[in-house]
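S.K.: The structure under discussion is supplied below as structure tokens; questions concerning it will follow.
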Amino acid sequence: MSTVSEILKGFEQYIDAKYTSQNTKKAYLSDADEFLELTNGFDLENVQKFIQVLFNRGLKSASIIRKLASLSVFFEYLKENGLVDKNYAKLVDKPKNVKKLPKFLDVDETIALLDSVKDKRDRAILELLYSSSLRASELLGLNIEDVDFENLRVRAKRKGGGVTYVPFSERAKRFLVEYIGARTSGPVFLNKYGKRLSDRYLRKLIKKYSVGSIFKDISPHTLRHTKATHLLNSGMDIRLLQKFLGHSSIKATQIYTHVNLKQLAETYDNTHPLAKDE
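Residues 2 to 279 in my numbering are what the sequence shown spells out, letter by letter.
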């Protein structure tokens, strides 16, 4: 196993066995292929060279860090197959990434967005996305058998392959029941051909309704951030929020405390008489 094509073929089989998300696998394979095209070895120097080329192309730090995460998986594969002795993607200095606070809608914007949707399927999609704070892949992967209407919960496949039950509201149930009708099996959300809805179409759908109703271009993930922020603002314990969102680390959930504090500061600046200059 020494040619580029053989290495990529082996890596593809490696990630197929470890990951369930097609988007994740596609990104890992694409990044490994790009690394092999731009370099001529598997040492630290070549990893540094790869980063420099990406910088010269004008890629942002966040994109380079993501590609390094893919390379780390690739180098683990190389290490397991005796092609390297170390995971050099982990040893290289990573560019600093300034984390942006997640975008979210306020309560009035959320209501306006949801109420603007008249199509049965599309309303069920937006209501469930907001109610359960599901990721796009989790929503699109749902089958009717995964929906427990009696206990108001869905069985979702989380990142990394785990499966968990996530609650949804009575309001979301009403729209889901109306859309699903008499169907008892198969994908929950279908396109006009009766096939499972695609990620690309979902994003176009969310953008259409958000731009048309609240004049904002949002993604499915914005609704996830929105629900999380609303729950935290309503007093939910951060550990419960972590479990609800399916975060493996509390650090990922703590970003919402920063959103909360930023919102509090902005409210103070806009409303408190002592915050303004005379």
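For glycine and all other residues, C-beta sits at the position ideal for the given N, C-alpha and C.
(1) Counting Cβ pairs, one atom from each stretch, are 3 or more of them under 8 Å apart for the stretch 215 to 232 and the stretch 179 to 194?
(2) If you draw a straight line from the alpha carbon of K80 to that of N88, how long is it in whole angstroms?
(3) Classify L130: buried if its beta carbon has 16 or more other beta carbons within 10 angstroms, exposed otherwise.
(4) When DSSP labels each residue in this structure, what does Y166 get in the three-state scheme?
(5) Starting from V155, follow the beta strand (DSSP E) in both directions and report where the run begins and ends.
(6) In chain order, what residues of the same chain have a beta carbon less than 7 Å from the beta carbon of Q49, not counting five sequence neighbours either side?
(7) Going by beta-carbon coordinates alone, are F190 and L232 separated by less than 9 Å?
(8) Quick one: residues in its chain with C-beta nearer than 6 Å to the C-beta of A125, no 5 flanking neighbours on either side, listed in chain order?
(9) Assuming K208 contacts D218 under a Cβ cut-off of 8 Å, what Cβ separation, rounded to an integer in Å, is found between them?
(10) Quick check on R122: buried or exposed, where buried means 16 or more other Cβ atoms within 10 Å of its Cβ?
(11) With C-beta atoms as the reference, is T156 less than 9 Å away from D147?
M.R.: In terms of the structure at hand:
(1) no
(2) 7 Å
(3) buried
(4) strand
(5) R154 to K158
(6) V93
(7) no
(8) F176, L177 and Y180
(9) 6 Å
(10) buried
(11) Per the sequence presented here, residue 156 reads as Arg, with Thr not at that position. Contact flag set, yes.
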